[in-house]
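*Asks:* Please see the structure below; I have some questions.
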Amino acid sequence: MVHSRGFIQNRAPNLGVNTDTGCSSRSNGCTPYIPLTALKNGRLSLGKRAANYQCHARCISHVDERNYRYENWTSLPSSEIFTCDIIETLCVSGFRTEGFLHSQIYEHPPDDNANDGTLPNVYIIIIDSVSSSMAKRSLSKSISFLKERMGGTLMEFLNRVGVNSKPNGFPLIFGKSIEAVNRDTVAAPSSIEDWNEPVICREFLDKYDHHLKQFKFYGYKTMIAQDGGAGIAFYPNCSGFKRTEADHMWRYEIGQIWPTLLAHDSLKNLYHADEQFLTFFKNNEKVLENAFVFFMGDHGPRGEGIATSALGYHELNNPFLIATLPKRYHNTNIHNRMREKSNQLMTNFDLHATLMDIMNLSKSGKQKDKKTKPN
């Protein structure tokens, strides 16, 4: 992707396909398609082929995770700057109609308290259904790189809070449980859930604090992306968020990425991704060395009958987590404390508390006044 005057034009990776024509270098007889309109710096221009066409354009705006909104049409040519991510064009000449969807990342003006670059970025990468042992077997190269090159610490005893993604995700994101927890193992009564799941499912969650909302309050740009549907707040048929959950669904300074399909249904596929994750971490080492990175699973594997075995049940309970610190904190008390905790029991409630501590880091490295955080 290329920055240009506050816009990021989406550019496809080089996969042997000409992104302007749609033709592969290996294809024969491909007829190149050249759109009638071109997008640059938020403005649309008409190509030579559009001479006999009447063209219009409009923004398609994000409403929530399940809905979008069509804005009013604008006649082309126009000097208007389209302040949205997706722009639809429609050109008509007689009985011939051609439409096209242009994409960009429109950079909204920063808030008054925007992060000026001195605060550390935060990246949370959650691979669904991956245990600690499973990650060690299948992502050995990526883990070695994070440990040896970036000072990462493998947290050996992260324990799941619930069976599937939702009861594990809510403690991480909101710091709240939605299921009672059986504590027979430690001879204690079951804990009472913080939120009743059927009740909270019917509510919009915008009024509650969650990690992205709180980081935004402290000047961070926020991004969230997942490939398994609208996300745990909406699962299975819940209200979720009424407003946009993050500033940008594909932009970051605190970013959460949750690939579900890679390992959710099978233990056999994850190792294929080790080289890709390794390449990603290597290519972005300079960015990640100044960030907090949490590379993790939400719970262990549940598919293919693994949870019916004694070892499989242990893996289900012990999701993967490796964390790296910004370089400025290497070999400090913070780093040493994290190493000490690497063999202690922890849950996503601890991770949520850690995110809140990171959120409160001021530019001088001291804690901001927590009284100013949003309700």
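The sequence shown lines up with residues 30 to 404 when you count with my numbering.
Note that CB positions come from ideal geometry on N, CA and C, so glycine has one too.
Curious, which full-length alpha helix (DSSP H) runs of at least 4 residues does the stretch 369 to 393 contain?
*Replies:* Within the stretch 369 to 393, the complete alpha helix (DSSP H) runs of at least 4 residues are 377 to 388.
*Asks:* In whole angstroms, give me the CA-to-CA distance for G197 and L380.
*Replies:* Position 168 of the sequence shown, counted from the first residue, corresponds to residue 197. Position 351 of the sequence shown, counted from the first residue, corresponds to residue 380. The residue you asked about is not Gly; residue 197 is Asn in the sequence shown. Rounded to the nearest angstrom, the two C-alpha atoms are 11 Å apart.
*Asks:* Ignore the nearest five residues each way along the sequence and tell me which others in A382's own chain have a CB closer than 8 Å to its CB.
*Replies:* For the purposes of this step, residue 382 is taken as residue 353 along the sequence shown, with counting starting at 1. Correct list, in chain order: G204.
*Asks:* By Cβ distance below 8 Å, which residues in the same chain neighbour L65 in space, the five residues on each side in sequence not counted?
*Replies:* The residue labelled residue 65 in the question sits at position 36 within the sequence shown. These residues qualify, in order along the chain: L75, G76, R78, A79, Y82, C84, T118, C120, E127 and F129.
*Asks:* Can you tell me whether T361 is buried or exposed? The criterion is at least 16 other CB atoms within 10 Å of its CB, across all chains shown.
*Replies:* Reading the sequence shown from its first residue, position 332 is the one you call residue 361. Exposed, since its Cβ has fewer than 16 Cβ neighbours within 10 Å.
*Asks:* Would T353 be called buried (16 or more neighbouring beta carbons within 10 Å of its own) or exposed?
*Replies:* Position 324 of the sequence shown, counting from 1, holds the residue named residue 353. Buried: at least 16 other Cβ atoms inside 10 Å.
*Asks:* Using 7 Å as the threshold, is the C-beta distance between L350 and L187 below it?
*Replies:* On the sequence shown, position 321 is the one that residue 350 refers to. On the sequence shown, position 158 is the one that residue 187 refers to. Going by C-beta atoms, L350 is nearer than 7 Å to L187.
*Asks:* If we ignore side chains and look at the alpha-carbon of each, how far apart do G248 and E282 end up?
*Replies:* Here the question's residue 248 lines up with position 219 in the sequence shown. Here the question's residue 282 lines up with position 253 in the sequence shown. Rounded to the nearest angstrom, the two C-alpha atoms are 10 Å apart.
*Asks:* Using the Cβ count rule (16 or more neighbours within 10 Å means buried), how would you classify T125?
*Replies:* Position 96 of the sequence shown, counting from 1, holds the residue named residue 125. A quick correction: the sequence has Arg, not Thr, at residue 125. With fewer than 16 Cβ atoms within 10 Å of its Cβ, R125 is classed as exposed.
*Asks:* Does the stretch 146 to 164 come close enough to the stretch 325 to 345 that 3 or more CB-CB pairs lie under 8 Å?
*Replies:* The stretch 325 to 345, when compared against the stretch 146 to 164, does touch it at the 8 Å Cβ threshold.
*Asks:* Give me the Cα-Cα distance between I363 and I134, rounded to the nearest whole angstrom.
*Replies:* Here residue 363 corresponds to residue number 334 of the sequence shown, with the count starting at 1. Here residue 134 corresponds to residue number 105 of the sequence shown, with the count starting at 1. Using only the alpha carbons, I get a separation of about 36 Å.
*Asks:* Using a Cβ-Cβ cut-off of 7 Å, state whether K77 counts as contacting chain C.
*Replies:* Among the chains of the structure shown, chain C does not appear; only one protein chain is present.
*Asks:* Determine the direct distance from the alpha carbon of K370 to that of G258, and round the result to whole angstroms.
*Replies:* Here residue 258 is taken as the residue at index 229 of the sequence shown, counted from 1. Here residue 370 is taken as the residue at index 341 of the sequence shown, counted from 1. When rounded, the distance between both Cα atoms is 34 Å.
*Asks:* Looking at C-beta atoms only, is the number of pairs between the stretch 282 to 294 and the stretch 251 to 267 that lie closer than 8 Å three or more?
*Replies:* Taking 8 Å as the limit for Cβ pairs, the verdict is that the stretch 251 to 267 does touch the stretch 282 to 294.
*Asks:* Let me know if Y97 comes out buried or exposed under the rule of 16 or more other beta-carbons within 10 Å of its beta-carbon.
*Replies:* Here the question's residue 97 lines up with position 68 in the sequence shown. Exposed: under 16 other Cβ atoms inside 10 Å.
*Asks:* Output the boundary residues of the beta strand (DSSP E) element that contains I417.
*Replies:* Lying before the first or after the last residue shown, residue 417 is absent from the chain, which here runs from 30 to 404.
*Asks:* With L299 and L307 assumed to form a contact (beta carbons below 8 Å), what rounded beta-carbon distance in angstroms separates them?
*Replies:* The sequence position of residue 299 within the sequence shown is 270, counting from 1. The sequence position of residue 307 within the sequence shown is 278, counting from 1. Incorrect: roughly 13 Å between the Cβ atoms, too far for contact.
*Asks:* In the DSSP output, what is K250 paired with across the bridge?
*Replies:* The residue labelled residue 250 in the question sits at position 221 within the sequence shown. DSSP output for K250 lists no bridge partner at all.
*Asks:* Looking only at DSSP bridge pairs, what is G128 linked to?
*Replies:* Here residue 128 refers to the residue found at position 99 of the sequence shown. DSSP output for G128 lists L119 as bridge partner(s).
*Asks:* Using three-state DSSP, classify M278 as helix, strand or coil.
*Replies:* Residue 278 sits at position 249 when you count from the first residue of the sequence shown. For M278, the predicted model reports a pLDDT of 45, less than 50, meaning its position is unreliable; a value from the coordinates is still stated below. Looking at M278 - three-state DSSP - the assignment turns out to be coil, as it is neither helix nor strand.
*Asks:* Taking the alpha-carbon of R331 as reference, which of G180, T112 and V192 has the nearest alpha-carbon?
*Replies:* On the sequence shown, position 302 is the one that residue 331 refers to. Nearest C-alpha to R331: V192.
*Asks:* DSSP three-state label for C88, please.
*Replies:* For the purposes of this step, residue 88 is identified with residue 59 of the sequence shown, where counting begins at 1. DSSP places C88 in strand when its eight states are reduced to three.
*Asks:* For P348, write down the residues that DSSP places opposite it in a beta bridge.
*Replies:* As a first step, residue 348 is located in the sequence shown; it is residue number 319 there, counting from the start. P348 pairs with S160.
*Asks:* Could you tell me whether the Cβ atoms of N372 and E185 are closer together than 7 Å?
*Replies:* Residue mapping note: residue 372 aligns to position 343 of the sequence shown, counting from 1. Residue mapping note: residue 185 aligns to position 156 of the sequence shown, counting from 1. Cβ distance < 7 Å, so N372 and E185 count as in contact.
*Asks:* Starting from the Cα of K356, find the closest Cα among K176, K245, S122 and L234 and give me that residue.
*Replies:* Within the sequence shown, numbered from 1, the residue matching residue 356 stands at position 327. Per the Cα distances, K176.
*Asks:* Excluding sequence positions up to five away, which residues of its chain have a Cβ less than 6 Å from the Cβ of Y264?
*Replies:* Stepping through the sequence shown from its first residue, residue 264 is reached at position 235. Cβ within range, chain order: K195.
*Asks:* Hey, how far is the Cα of V92 from the Cα of K245?
*Replies:* By one-based count along the sequence shown, residue 92 stands at place 63. By one-based count along the sequence shown, residue 245 stands at place 216. Cα-Cα distance, rounded: 19 Å.
*Asks:* Return the first residue and the last residue of the beta strand (DSSP E) that V322 is part of.
*Replies:* In the sequence shown, the residue the question calls residue 322 occupies position 293. Note, V322: beta strand (DSSP E), A320 to G326.
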